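Q: Going letter by letter, the sequence shown gives residues 2 to 222 in this note's numbering. Glycine included, every Cβ here is placed at the ideal spot set by N, Cα and C. Being a predicted model, the structure only gives us computed values, none of them experimental. After the structure tokens below, expect a handful of questions from me.
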Amino acid sequence: MFDRLAMKADAREQLRGNRTVPAIITIIAIVIIAIISSFVGDTDKPDERTIFPSLLGIIITGIISFALAYYYISFKNAPEDDKPGIRTFFDGFNYWFKALCACLWQRLWITLWTLCFVIPGLIKTIAYSQMFYILAENPDISVRKALRMSIYMTQGHKSELFMMYLSFLGWFLLSAITFGILFVWTLPYMQLTAVNAYYYLKSQALASGVLTESDFEKNYN
Numbered sequence: 002m003f004d005r006l007a008m009k010a011d012a013r014e015q016l017r018g019n020r021t022v023p024a025i026i027t028i029i030a031i032v033i034i035a036i037i038s039s040f041v042g043d044t045d046k047p048d049e050r051t052i053f054p055s056l057l058g059i060i061i062t063g064i065i066s067f068a069l070a071y072y073y074i075s076f077k078n079a080p081e082d083d084k085p086g087i088r089t090f091f092d093g094f095n096y097w098f099k100a101l102c103a104c105l106w107q108r109l110w111i112t113l114w115t116l117c118f119v120i121p122g123l124i125k126t127i128a129y130s131q132m133f134y135i136l137a138e139n140p141d142i143s144v145r146k147a148l149r150m151s152i153y154m155t156q157g158h159k160s161e162l163f164m165m166y167l168s169f170l171g172w173f174l175l176s177a178i179t180f181g182i183l184f185v186w187t188l189p190y191m192q193l194t195a196v197n198a199y200y201y202l203k204s205q206a207l208a209s210g211v212l213t214e215s216d217f218e219k220n221y222n
């Protein structure tokens with residue numbers, strides 16, 4: 002059973018006494034994204050001068066998202082008294098090219114589905130949502146295979162994932178009211194909940210035979 006309340010409770014417990022490093026990492030990520038956003042700027046006339054910065058913003062955000070996934074996967078699997086430090090977050094950037102390819106491949110398919118209509122784009126966004134976690138845990142898996150695995154893992158669980166993400170809406174609104182200060186607590190909470198969901202989906206996919214342990218091994222297809 003996909004129990005988002007239990008996943009969120011587990012995330013809070015995992016963060017208990019271990020909030021400092023996740024908070025610092027969140028601040029670093031927010032600052033980098035804010036700088037990139039200010040560089041991109043706003044315009045009503047997209048051309049070659051604005052499309053490139055926008056694409057750069059998407060890519061940088063994708064690489065940071067991968068580094069965050071890498072950190073929280075490590076955080077989840079580390080012993081209670083030996084949680085990873087800030088260096089683990091930066092270790093995630095060692096896979097920047099993998100993250101770049103994953104970001105572009107994922108974005109391409111989401112964009113194509115969104116061109117059909119908004120709803121298909123939203124559905125596919127959820128279907129592809131496990132891709133970065135798969136790659137963060139198994140960096141040797143190919144980007145194409147990780148996308149397919151994410152689709153398999155989310156089969157029958159898209160509405161549950163959507164409700165899980167939606168359940169954080171109130172926290173995001175409160176964070177906005179506090180001028181983003183609350184994000185320092187909210188984002189680690191959401192990230193760990195998402196990682197807990199990933200491991201549940203992985204276990205279900207393995208138990209049902211949709212995926213096998215060999216699928217999580219190195220493969221270039």
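What does the alpha-carbon distance come out to for the pair Phe40 and Arg88?
A: Counting from one through the sequence shown, the residue named residue 40 turns up at place 39. Counting from one through the sequence shown, the residue named residue 88 turns up at place 87. The straight-line gap from Cα to Cα measures roughly 27 Å.
Q: Only counting the same chain, and skipping five residues up and downstream in sequence, which positions put a Cβ closer than 7 Å to that of Ser168?
A: In the sequence shown, counting from the first residue as 1, residue 168 sits at position 167. Answer for Ser168: Arg5, listed in chain order.
Q: Find out if the Cβ-Cβ distance for the pair Arg13, Tyr190 is shorter than 8 Å.
A: Within the sequence shown, the letter at position 12 stands for residue 13. Within the sequence shown, the letter at position 189 stands for residue 190. Going by C-beta atoms, Arg13 is nearer than 8 Å to Tyr190.
Q: Among Met150, Ile61, Ile31, whose alpha-carbon lies nearest the alpha-carbon of Phe98?
A: To locate residue 98, count along the sequence shown from 1; it is residue 97. Comparing Cα positions, the closest option is Ile61.
Q: Quick check: the Cα distance between Ala147 and Val32, rounded to an integer number of angstroms?
A: Within the sequence shown, the letter at position 146 stands for residue 147. Within the sequence shown, the letter at position 31 stands for residue 32. Whole-angstrom Cα-Cα distance: 29 Å.
Q: Alpha carbon to alpha carbon, how far is Ser209 from Glu81?
A: Reading the sequence shown from its first residue, position 208 is the one you call residue 209. Reading the sequence shown from its first residue, position 80 is the one you call residue 81. About 30 Å.
Q: What are the boundary residues of the alpha helix (DSSP H) that Thr112 is part of?
A: As a first step, residue 112 is located in the sequence shown; it is residue number 111 there, counting from the start. Taken as a continuous stretch (DSSP letters only), the alpha helix (DSSP H) holding Thr112 covers 97-117.
Q: For the putative contact between Ser160 and Met132, defined by C-beta atoms under 8 Å, what is the C-beta separation to the nearest angstrom?
A: What you label residue 160 is simply residue 159 of the sequence shown in a count that begins at 1. What you label residue 132 is simply residue 131 of the sequence shown in a count that begins at 1. Not confirmed; about 19 Å, so no contact.
Q: For Asp11 and Thr194, what's the separation of their Cα atoms in angstroms?
A: The residue you call residue 11 lines up with position 10 of the sequence shown. The residue you call residue 194 lines up with position 193 of the sequence shown. Computed Cα separation, rounded: 8 Å.
Q: Under 6 Å Cβ to Cβ from Tyr71, same chain only, skipping five residues before and after it: list those, please.
A: Reading the sequence shown from its first residue, position 70 is the one you call residue 71. Cβ neighbours of Tyr71 beyond the five flanking positions: Gly93, Ala137.
Q: Excluding the 5 residues preceding and the 5 following Thr128 in the sequence, name in chain order all residues of the same chain whose CB lies nearer than 6 Å to its CB.
A: By one-based count along the sequence shown, residue 128 stands at place 127. The question names Thr, but residue 128 in the sequence shown is Ala. Excluding sequence neighbours, Ala128 sits near Ile152, Thr155.
Q: Quick one: what does DSSP say Ile142 is sitting in, helix, strand or coil?
A: By 1-based counting over the sequence shown, the position of residue 142 is 141. Strand.
Q: Assuming Lys77 contacts Val211 under a Cβ cut-off of 8 Å, what Cβ separation, rounded to an integer in Å, is found between them?
A: Sequence index remark: in the sequence shown, residue 77 carries index 76 (1-based). Sequence index remark: in the sequence shown, residue 211 carries index 210 (1-based). With 8 Å as the limit, Lys77 and Val211 do not qualify as a contact, their Cβ atoms being about 22 Å apart.
Q: If distances are taken between C-alpha atoms only, which option among Phe118, Tyr73, Ala7 comes closest to Tyr265?
A: The structure shown has nothing for residue 265, since the chain only spans 2 to 222.
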